[in-house]
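Student: For the sequence shown, the residue numbers in UniProt numbering are 1 to 556.
Here a beta-carbon is modelled for each residue, glycine too, at the ideal position from N, C-alpha and C.
Bear in mind the structure is a predicted one, so any value in this text is a computation, not a measurement.
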Amino acid sequence: MKTDIQIAQDAKMMPILEIGKQLGLEEDDLELYGKYKGKIALDVYDKLKDKPDGKLVLVTAINPTAAGEGKTTTNVGLSMGLNKIGKKTITALREPSLGPSFGVKGGAAGGGYAQVVPMDDINLHFTGDIHAITTANNLLAALLDNHLQQGNQLNVDPRRITWKRCLDMNDRALRNVVVGLGGRANGVPREDGFDISVASEIMAILCLSNDMNDLKNRLSRMIVGFTYENEPVTAEQLEATGALALLLKDAIKPNLVQTLENTPAIIHGGPFANIAHGCNSVMATKIGLKLADYVITEAGFGADLGAEKFFDIKCRFAQLKPDATVIVATARALKNHGGVPKAKLNEENIEALDKGFGNLEKQIENVRKFGVPVVVAINKFPTDTDGEIKLIEQKCKDLGVAVILSDVWAKGGEGAIELAHKVVELCESGEANFKPLYDVSLSIKEKIKMIAKEIYGADGVEFTSTAEKEIQKYEKLNLDKMPICIAKTQYSLSDNPKLLGKPAGFNITIKNIRISAGAGFLLALAGDIMTMPGLPKVPAANNMDILEDGEIVGLF
1 MKTDIQIAQD
11 AKMMPILEIG
21 KQLGLEEDDL
31 ELYGKYKGKI
41 ALDVYDKLKD
51 KPDGKLVLVT
61 AINPTAAGEG
71 KTTTNVGLSM
81 GLNKIGKKTI
91 TALREPSLGP
101 SFGVKGGAAG
111 GGYAQVVPMD
121 DINLHFTGDI
131 HAITTANNLL
141 AALLDNHLQQ
151 GNQLNVDPRR
161 ITWKRCLDMN
171 DRALRNVVVG
181 LGGRANGVPR
191 EDGFDISVAS
201 EIMAILCLSN
211 DMNDLKNRLS
221 RMIVGFTYEN
231 EPVTAEQLEA
241 TGALALLLKD
251 AIKPNLVQTL
261 ENTPAIIHGG
271 PFANIAHGCN
281 SVMATKIGLK
291 LADYVITEAG
301 FGADLGAEKF
311 FDIKCRFAQL
321 KPDATVIVAT
331 ARALKNHGGV
341 PKAKLNEENI
351 EALDKGFGNL
361 EKQIENVRKF
371 GVPVVVAINK
381 FPTDTDGEIK
391 LIEQKCKDLG
401 VAVILSDVWA
411 KGGEGAIELA
421 HKVVELCESG
431 EANFKPLYDV
441 SLSIKEKIKM
451 IAKEIYGADG
461 VEFTSTAEKE
471 IQKYEKLNLD
481 KMPICIAKTQ
491 YSLSDNPKLL
501 GKPAGFNITI
511 KNIRISAGAG
521 FLLALAGDIM
531 TMPGLPKVPA
541 ANNMDILEDG
551 EIVGLF
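1. Among the candidates 343, 31, 9 and 36, whose CA atom is the shortest distance from the CA of residue 19?
2. What does the alpha-carbon distance come out to for the pair residue 434 and residue 151?
3. Helix, strand or coil: how does DSSP classify residue 206 here?
4. Could you give the first and the last residue of the continuous beta strand (DSSP E) run that contains residue 503?
5. What are the boundary residues of the beta strand (DSSP E) that includes residue 211?
6. Using the Cβ count rule (16 or more neighbours within 10 Å means buried), how would you classify residue 125?
7. Does the Cβ of residue 490 have 16 or more other Cβ atoms within 10 Å, making it buried, or fewer, making it exposed?
8. When you compare the CB of residue 98 with every CB in chain C, is at least one pair closer than 8 Å?
9. Below 8 Å, can you find three or more Cβ-Cβ pairs linking the stretch 400-412 to the stretch 65-85?
10. Can residue 103 and residue 539 be called in contact, C-beta distance under 8 Å?
11. Quick check: the stretch 357-375 against the stretch 416-435, are there 3 or more CB pairs under 8 Å?
12. Return helix, strand or coil for residue 292, following the three-state DSSP convention.
13. Bridge partners of residue 486, per DSSP?
14. Residue 394 lies in the alpha helix (DSSP H); which residues open and close that run?
15. Using C-beta distances below 7 Å, list every residue in its chain close to residue 226, excluding the 5 sequence neighbours before and after it, in chain order.
16. Per the contact definition of three or more C-beta pairs closer than 8 Å, is the stretch 198-212 in contact with the stretch 129-148?
17. Take residue 340 as the anchor and find which of 27, 142 and 498 has the nearest alpha-carbon.
18. With residue 214 and residue 179 assumed to form a contact (beta carbons below 8 Å), what rounded beta-carbon distance in angstroms separates them?
19. Within 10 Å of its beta-carbon, does residue 553 have 16 or more other beta-carbons around it, so buried, or fewer, so exposed?
20. In this structure, does DSSP put residue 100 in helix, strand or coil?
21. Mapping the DSSP letters down to three states, classify residue 545 as helix, strand or coil.
22. Does DSSP put residue 223 in a helix, in a strand, or in coil?
23. Residue 262: which of 48, 462 and 113 sits nearest, CA to CA?
24. Please report how far the alpha carbon of residue 257 lies from the alpha carbon of residue 494, in whole angstroms.
25. Closer than 8 Å is the cut-off here; do at least three beta carbon pairs connect the stretch 273-280 with the stretch 513-531?
26. Using a Cβ-Cβ cutoff of less than 8 Å, which residues in the same chain neighbour residue 51 once the five nearest sequence positions on both sides are dropped?
27. With DSSP collapsed to three states, give me the class of residue 71.
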């Protein structure tokens, strides 16, 4: 069996100009980054703005496990399957971060025969978008420290600076640092730290902006810290907006690539799915909807995090109305949710599968709360037994939900034909009646409680004294009428990663409230969320290499 990278390197890619022609793009609409990558010009949307939108389909999943669910693989396979049945389709994904690629996960471009290519470029520097975000983030940090050095006219309290530097790498040694050491000429000494670049608010802003003007407005609103008088300090006050936008002038343009079967793929942006909203860019999705009959997109982690934020944050800001949702599950992962350790997931265990099905049941319920029709895709593994598949199918049917066996990893688009037909049926049924879960005019606490109770299944929410103080502060500053982005563990519906399946009888604890004023949401921290990951004992990087003939090994 070939590895993913071997399959990707054997792919017969079409020149990106040919992929663009499939979508009706002209040569001047694409800025080439080599033969197989291109950026879509921003004026493409303006040219097509009066054209009716295609259908928007979200691919989400159960809570992730070490067993793997295959959400991105299913997304890519479904887009290829739709093309096989004659539907002009684009897959829209996030850009992988170098940190996870060299850490635990390896690459993030799908798998098997359902991948986006050139896989090696996508998983490495790609078109430089994340590097541009890193540079913009660190320019703002440099301007802030220079302001302190040059007299601090804004009266910024160095102890209350919230803006961190960033790096697109897993490096735990940089989580907490001290800057400005070495005497007066080297700056004002203060505590600082680094986030991974995809956790930067600038990444979230890039992905939520509708155009360059919107990008600049959002950048200007970013809060970098507070004064001694407890007033927020913004990027606009530091006169940083123009330079930040200049650094992002190319990163703002969506990237066009292709799948193994030459289906167009737009890959753009990649915010964290807990500390931010975990979706690809608004511009990528909107342009895709003008160019294709169907846009298949995804959101990070399980439906309790990614889908909820896709609906309540991205769709709200961009005025998108999704037509259908695919929830990906595997028999292996559901057995894991039912208590089976990873080492025994290859063994049939109907009892554990039945117990773990509760997680899928809750995620189906969650998506339905937004008025979007659902189909469950069982991502097939070679170790699945007939009994396990039949149990999942029967329990889904009992819930009135369509369920399709997907075999895209082994068969590519051919393995998603039945799923593609079902997605078309749902999209054309007219059943979609999308609505966000809550009104942003509700209080901060009311919005958090609604998400916790309705989506997580919590009995209630507890707020620490720190969170209470922050809520009062943002209410006083009139910064409370925003969507809520809850940062919690991705492994459980609760805020305890050990509570798998469908837990009950629990409360969510909100430890702190932060603000992403530029992105436009309040961040509620339900636990200690790591914004600068560390490398494992044996990083994926240790097994990567490039051979003399250019062959890449170990990159997924």
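Tutor: Reading it off the structure:
1. Checked all of 343, 31, 9 and 36; the closest Cα to residue 19 is 36.
2. 51 Å
3. helix
4. Under the DSSP assignment, residue 503 falls outside any beta strand (DSSP E); it carries neither an H nor an E label.
5. No beta strand (DSSP E) contains residue 211, which DSSP labels as neither H nor E.
6. exposed
7. buried
8. No chain C appears in this structure, which consists of one protein chain only.
9. yes
10. Pairing residue 103 with residue 539 gives a Cβ-Cβ distance under 8 Å.
11. yes
12. coil
13. 524
14. Unbroken alpha helix (DSSP H) run through residue 394: 386-398.
15. 157, 160, 232 and 233
16. yes
17. 498
18. Going by Cβ atoms, the distance from residue 214 to residue 179 rounds to 32 Å, so no, they are not a contact pair.
19. Label assigned to residue 553: exposed.
20. helix
21. strand
22. strand
23. 113
24. 37 Å
25. In the pairwise beta carbon analysis, the stretch 273-280 is classified as touching the stretch 513-531: at least three pairs are separated by under 8 Å.
26. 290
27. helix
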